[in-house]
Each structure stands twice: as C-alpha cells, then as structure tokens.
Amino acid sequence: MNSRWNYRDLYYQALRIRMVEEEIIKIYSSDKVQSPVHLSIGQEAVAVGLCAVLTEQDMLFSTYRSHAFYLAKGGDLKQMMAELFGRLDGCCSGKGGSMHLSFPQVGFMGTSAVVASGIPNAVGAAFAEKMLGRGNLTLAVFGDGATEEGVYHESLNFASLHRLPIIFICENNQFAVHSRQHERQSYSLRKHVEAYAIETHHISQGFDFCEVASAFSDICNDFKESPRPIFIEVDTCRYMEHVGTGEDFYGGYRSAAEQAEWKRQDPLIKDEALKAELAPQIAIEINESIAFAEASPLPSYADVLKHVL
Amino acid sequence: MAKMNLLQAVNHALQTAMEADEKVLVFGEDVGHFGGVFRATSHLQEKFGKTRCFNTPLTEQGIVGFANGLASQGHKPVAEIQFADYIYPAFDQIVNETAKARYRSGGQFECGNLTIRAPYGGGIAGGHYHSQSPESFFTHVPGIRVVIPRGPYQAKGLLLSAINSPDPVIFFEPKRLYRAAVGEVPEESYQLPLGIAEVLREGTDISLVAWGAQVEVIVKAADMAAEKGISCEVIDLQSLLPWDLETVATSVTKTGRLLINHEAPVTSGFGAEIAASIQQECFLSLEAPISRVCGLDTPFPLAHEKLYMPDHLKTFDAIVACVNY
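As they're listed, the protein sequences go chains A and B.
Take the first sequence: its position 112, counting from 1, is numbered 112 in the working numbering, and each next residue is one higher.
Take the second sequence: its position 171, counting from 1, is numbered 1171 in the working numbering, and each next residue is one higher.
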C-alpha cells in the first residue's frame, strides 16, 4: 500500500489545502466568498492521510468543515472556488457554497450542516454498497460533537446489526464550537462504540499525514478481507475559530499554549524547506482557480428555481 | 379488477413495485415477518426475502436517514413510519436532507427515489399520538411531494407513482379507511398523476375541497346539501405539494364559493394556503368568504374526538351558511 503515497506527495496535498484556506482568509473581507467558512487549517493531515488510501469509487460523506476532505478526495479546485463564490461553474452550481460541497464523481458525496445528519446517509449508502457487492468503502466523517447526537447512535446500531461495510471517522478536535469534550460527554468515546460491537481504533498523531495513511492503510487492508463497521478516532487540532477566518483565543475557552504543542509537530510548519519548494507552484494553481471563479457567471433568477422537484 | 380495501391496495402496490424493480426496498418498524402494525406489508418478506423487506430498530430519524443514503445510490426505498405521529423524530432528515440534497448540490447528489409511507388521521380512538394529521408541516418544505389517497384505487395508483417518481414523496395513508374503504382495483400496474386534483362531482353553487379520509365527509355533506337544493362541486386534492391550483381555481370561478375541509387544526393548516391562493386567483368571482371546516386548535383529543372532528354535519352547516351569505 505504501507505494501509493510518500511524504512529499502527501505534504504537497496538505500544503495545497492549507494555502487554499489561507487564500480564503486573505480574500474573505472582499465578500466574494458567499457564505461563512469553517476552516480545516490544522486538520488537513487527517483528510490527506485517509484519502491517500481511498479510491475514487470509495464514498466519503462529510460535514460543513470539508474543504480539506473535498480537495484530498480529488474534488476540483477551480469548481470549489467558483462554488465558494456562488458562481454557476461551482461544483454545486453555486447552490451549496463552502458548507455543502459535493463532487460525487470522485466519491465526495453530500455534506450537510446539521451535526450528525449525514451519518445515517452514509450508513444507507453503505447498505446499498453491500447489496450491490461492488466492494467499495463508505466513510462517514464527523467531529467529536456529532457523537452526542441521537442519530449517531441510531447509525452505529444499524451498521452493526447489518454488518455494513462502513468506516466511521471521528475527527476529534476536542471542541464543539467553544465547548470542551469533557463538558459535553459523560462517556468514553471508543468504549461507547464498542458497546455496539463495533471495533475501534485510535490514531493520536493526527498532524502526521504519513502516520494517518499508514495506520488507515493497515485498517483498510483488514477491512477488505472482512468488510464490517469500524470506528476510528483521529486526534486533531483546529487552529482557527469554529467559523470564520480568525483565531479565537480572545474567547478564553482555550489558549495559544494548548495549540503550540500541535503546531510544534505540524509538518506544514516544521518543514520550511519543502514548503518553500512547493508553495510557488501551488500559488499559481490557486490564482488560476480564483480567476476561474471570478470569470464564472452568477446565477440568474431561473437558476434559483432549478433543482427543487 | 378485484375488490380490495385500502390496506390491500397499498400492499398490492408495494408487491407490484417490488416485482417490477429489484431496487425497491421496504423497511420500517415491524414491517417484516409480521407485516406492520396494520399489515400493509403482509407477505412481502415471504415473497421478496429479508434483504428487500426488513424490520428496523425503533429509529425514525435513522429510518429516513438510511433511506436517504440508499436512495442516493439508486435504490428505491419505501420507508414506513408506523404512525404519522412518529414522523417528528425524522423531521430533520426529511426537511434538511431529503428535501435539500438535490438543491444544495445543484443536482449532483439527491434522494429523489425515496418514498415515506405513514398512516395518519383520527377515527380510531387513538388519542394524542395515534391520530394526528401532520401534512401541513411538510407542505412548507420545497423539495418533496406530499400525496394523500382517499380510497383503494387512488392508493395503489398514487403509491406506484410515488415509488417511481424522481422526487421524494411523503405518502400519508388515511388509516381509518384502511379497512372501511373498499373498491374495485385493477390487478395490473397503473399510475395516477401526482400534483393533479380530481373533480369527483360537478356542481354549480359551491366548491368543496378535501383530501384523504375527509373526502368521504364532504361527499356526505354534499349529499345532504343536494337534498336542500344546493349543488356542490366535490374536489379531492390528492397531492398537497405541489397542489393543483388550476383545478380548484377553475371550479371556484364557476361556483363563486369555496369550502375547505381538513382534519388537522385550522390554524396554519393547508386550508389556509388554499384560501390565500384562491382569493388571489378568484377574488372577483367570490360570492362569500372562503369557509374552512377543520380540526379544532387543540392537541388531538381522546374522549373529545367526536367534538374535534370536522364531520359532515359541521360541513353541511358551513355549506348552508356560505351559500346564504
């Protein structure tokens, strides 16, 4: 499996995602981006590591914080930028925006904004996959906050009952908006999953895309031998505020010191040499994507009425 | 043709759809071996196996959530919510996922193949949580269709249309008519158009509009009115979202009067939408204020059910008042 990815390639992808989001921060005040943004900065390695192991046929259902997964799964950057700008050439014709990217042709399925509501949809798709017998993976990606929602539990139960070929990925960044996990959860996340007879794994080095890819690759190899529901908790750190383009230490709910440990280990910060080498090429691609978005027409009145029935 | 009650017609439609297309799946609480609390899914598991007809956990939000995922992959799930009163836990999935998936993805991702069946309405002494008519909540949700049959023939034809529709459909079944409504139903497959009302009886003095179980109530009231020399045009709306404004407006332009009857509470019921649209379309033709004979603005009651119901007597009185306005 390791031949499919290497440090340099994964670094490139993670850096590309970070630079795209840094560009979004830069242009956000121009109001060209049509919706609030939930940035993945700090969490890119999770998306990059997992998607390195997946094929385009594997289906991934994600959330409103999905720029990283969209790009890592192979979603088109130009169409993403046009989507953020609310333009007709966006991947969702400008109707989804930052929070609802979708690019099914590479297995990046629907993304919703009601926490946990995409999880049962992924379970249903995994059910279809099992019946069709195509042997593809279905991934449901969500944050630690989603595990408090009722439908998450309904989904685990059903997936286990039917032994569905689905991998639940919990990106644990410790916070639901501004609330810490221990303020919200009386249960131990993985122990609770195990009560549904679903096996669990823990990847603590969520900043390390190679480690994520390597651990996930082992799990996937085993999964392919015996498709079944699996739960993986990946520790990670959201550097920016829950929604918006700034840092939020002023909110007093967490400190810069807490993040410092993550940042110290973050390859995108640590490996300055590789960054310097790769960044110029990425910057060109990003500029092209913005030019593409700006050249794309805004929707007309007729477009607003399409895609209802 | 065969004589069937409404329940048998639903069962027959499901069987017909499952025979025609192996992508059709039926699931919900207790729908498998037992055939559902009302037996709408009797023998389907026997005929089509446990993969295509199966019991779910008690998980309404999950049922619709799983169905959305299945529909997104090309299956045609027919999910049963045991009583329409239990549909509220699934409200998030229906409103935020089922109805919006196509729109928010610009047609890239959708759940159009989904049908949700739910028995609704009173008349079975079911009390607060086995009697409600929640249709108007769903008529406020662009992206889905809402369909309600009045009898066996309509139930089979409309349900087959719902299952084969490219749009998600909420299909409410009038449970008090499950065994009470009996009629001739073709044994072969047929579909009735969605979004189209049916004029059951032509008349000249007043138009009466209802759907589902209340259609028989307005027919009865129309019979009483006929004895008094009042000619009623009787319309079954059949689809509430989208609804057939044209048929109702044409009728009201002719009769000059409109009475709407529904079992749900009057305030913000679907009658309000019909009244607003018809006064817009037919203002100069109206001879009297539009009349609504509906459920009371109370939770659906138990011992007081008969007082709550918009029955034929209340309807008849309102017809007379409207004609003599």
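We put the beta carbon where it would ideally sit given N, CA and C, even for glycine.
B:His-1262 (DSSP reduced to helix, strand or coil)
As a first step, residue 1262 of chain B must be located in the second sequence, where it is residue number 262. B:His-1262 falls in the strand class under three-state DSSP.
Run through chain B and tell me which residues come within less than 8 angstroms of A:Asn-154, C-beta to C-beta.
Numbered from its first residue, the first sequence carries residue 154 of chain A at position 154. The sequence shown places Glu at residue 154 of chain A, not Asn. The answer, in chain order, is Pro-1057, Thr-1059, Gln-1061, Gly-1062 and Gly-1065.
When burial is assigned at 16 or more other CB atoms within 10 Å of the CB, is B:Tyr-1120 buried or exposed?
Stepping through the second sequence from its first residue, residue 1120 of chain B is reached at position 120. It is buried - the Cβ of B:Tyr-1120 has at least 16 other Cβ atoms within 10 Å.
Please state whether DSSP places A:Val-46 in a helix, a strand or coil.
Position 46 of the first sequence, counting from 1, holds the residue named residue 46 of chain A. A:Val-46: helix per DSSP, three-state reduction.
For A:Cys-210, does the three-state DSSP call read helix, strand or coil?
As a position in the first sequence, residue 210 of chain A is number 210, starting the count at 1. In this structure, A:Cys-210 counts as helix in the three-state DSSP scheme.
Flag B:Arg-1102 as yes if its beta-carbon sits less than 7 angstroms from any beta-carbon of chain A, otherwise no.
As a working mapping, residue 1102 of chain B is identified with position 102 in the second sequence. Yes, because at least one Cβ of chain A sits closer than 7 angstroms to the Cβ of B:Arg-1102.
What does DSSP give as the partner residues of B:Arg-1145 in its beta bridges?
By 1-based counting over the second sequence, the position of residue 1145 of chain B is 145. Per DSSP, B:Val-1169.
Residue ranges of each alpha helix (DSSP H) within the stretch 1300-1324 of chain B, 4 or longer:
1305-1308 and 1312-1323
Opening and closing residue of the alpha helix (DSSP H) in which B:Ala-1084 lies:
Residue numbering aside, residue 1084 of chain B sits at position 84 when the second sequence is read from its first letter. First-last for B:Ala-1084: undefined, no H or E at that position.
So who's on the other strand from A:Met-171, going by DSSP bridges?
As a first step, residue 171 of chain A must be located in the first sequence, where it is residue number 171. Reading off the sequence shown, one finds Glu at residue 171 of chain A, where the question assumed Met. Bridge partners of A:Glu-171: A:Gly-143 and A:Val-234.
Measure from the C-beta of B:Phe-1137 to each C-beta in chain A and report whether the shortest distance is under 7 angstroms.
For the purposes of this step, residue 1137 of chain B is taken as the residue at position 137 of the second sequence. With 7 angstroms as the cut-off, B:Phe-1137 does not count as an interface residue toward chain A.
A:Gly-244, DSSP secondary structure in three states
Locating residue 244 of chain A in the first sequence gives position 244, where the first residue counts as 1. Strand.
Kindly indicate the opening and closing residues of the alpha helix (DSSP H) around A:Arg-339.
Lying outside 1 to 309, the shown extent of chain A, residue 339 of chain A is not represented and no answer is given.
Is there a C-beta anywhere in chain B that falls below 7 angstroms from the one on A:Val-123?
Reading the first sequence from its first residue, position 123 is the one you call residue 123 of chain A. Chain B, which has a Cβ nearer than 7 angstroms to the Cβ of A:Val-123, makes this yes.
Closest by CA to A:Lys-306, which one among B:Ala-1101, B:Leu-1006, B:Ala-1079 and B:Ala-1090?
Here residue 306 of chain A refers to the residue found at position 306 of the first sequence. Here the closest residue by C-alpha is B:Ala-1101.
From B:Leu-1302, B:Asn-1261, B:Ser-1239 and B:Leu-1160, pick the residue whose C-alpha is nearest to that of B:His-1012; which is it?
Sequence index remark: in the second sequence, residue 1012 of chain B carries index 12 (1-based). Ranking the options by Cα distance to B:His-1012, first place goes to B:Leu-1160.
Would you identify the three-state DSSP class for B:Leu-1240, choosing helix, strand or coil?
Taking the first residue of the second sequence as position 1, residue 1240 of chain B is located at position 240. Strand, per DSSP.
Under a three-way DSSP split, which group does A:Asn-2 fall into?
Start at 1 with the first residue of the first sequence, and residue 2 of chain A comes out as number 2. Model confidence at A:Asn-2 stands at a pLDDT of 48, short of 50, so the residue's coordinates are unreliable and nothing is read from them.
Could you confirm whether any beta carbon from chain A is found closer than 7 angstroms to the beta carbon of B:Ala-1017?
For the purposes of this step, residue 1017 of chain B is identified with residue 17 of the second sequence, where counting begins at 1. Cβ-Cβ to chain A under 7 angstroms: no for B:Ala-1017.
Cutting at 7 angstroms between CB atoms, please list the residues of its own chain near B:Gly-1229, excluding the five before and the five after it.
Here the question's residue 1229 of chain B lines up with position 229 in the second sequence. Correct list: empty, nothing qualifies.
Helix, strand or coil at B:His-1012 according to DSSP, with G and I counted as helix
Along the second sequence, read from residue 1 onward, the residue named residue 1012 of chain B stands at position 12. If DSSP states are grouped into helix, strand and coil, B:His-1012 belongs with the helices.
My output table needs one value for B:Met-1004: the three-state DSSP class, helix, strand or coil.
Position 4 of the second sequence, counting from 1, holds the residue named residue 1004 of chain B. Strand.
Would A:Ala-197 pass as an interface residue toward chain B - the criterion being a Cβ-Cβ separation below 7 angstroms?
Taking the first sequence and counting its residues from 1, one reaches residue 197 of chain A at position 197. Answer no: the Cβ-Cβ gap between A:Ala-197 and chain B never drops below 7 angstroms.
Sort out for me which residues DSSP pairs A:Met-59 with in a bridge.
Counted from its first residue, the first sequence places residue 59 of chain A at position 59. BP columns for A:Met-59 point to A:Thr-138.
Please report the residue range of the alpha helix (DSSP H) in which A:Arg-190 lies.
Counted from its first residue, the first sequence places residue 190 of chain A at position 190. Run containing A:Arg-190: 189-194, per the alpha helix (DSSP H) assignment.
Is A:His-242 closer than 7 angstroms to A:Val-177 when the C-beta atoms are compared?
Reading the first sequence from its first residue, position 177 is the one you call residue 177 of chain A. Reading the first sequence from its first residue, position 242 is the one you call residue 242 of chain A. It is a contact, given that the beta carbons lie within the stated cut-off.
Just to confirm my understanding: we take A:Asp-208, look at its own chain, exclude 5 residues before and 5 after, and list those with CB closer than 8 angstroms. What are they?
Within the first sequence, numbered from 1, the residue matching residue 208 of chain A stands at position 208. Closer than 8 angstroms at the Cβ level, and outside the excluded window around A:Asp-208, lie Ala-45, Gly-49, Gln-265 and Pro-267.
Can B:Phe-1138 and B:Ile-1170 be called in contact, C-beta distance under 7 angstroms?
Here the question's residue 1138 of chain B lines up with position 138 in the second sequence. Here the question's residue 1170 of chain B lines up with position 170 in the second sequence. Yes, Cβ-Cβ distance for B:Phe-1138 and B:Ile-1170 is below 7 angstroms.
Inter-residue Cα distance where the pair is A:Ile-315 and A:Lys-275
Nothing about residue 315 of chain A can be read from this structure; chain A reaches only from 1 to 309.
Measure from the C-beta of B:Glu-1263 to each C-beta in chain A and report whether the shortest distance is under 7 angstroms.
Counting from one through the second sequence, the residue named residue 1263 of chain B turns up at place 263. False, the Cβ-Cβ gap to chain A never drops below 7 angstroms.
Please classify B:Leu-1307 as buried or exposed, where buried requires at least 16 neighbouring CB atoms within 10 angstroms.
Position 307 of the second sequence, counting from 1, holds the residue named residue 1307 of chain B. That one is exposed.
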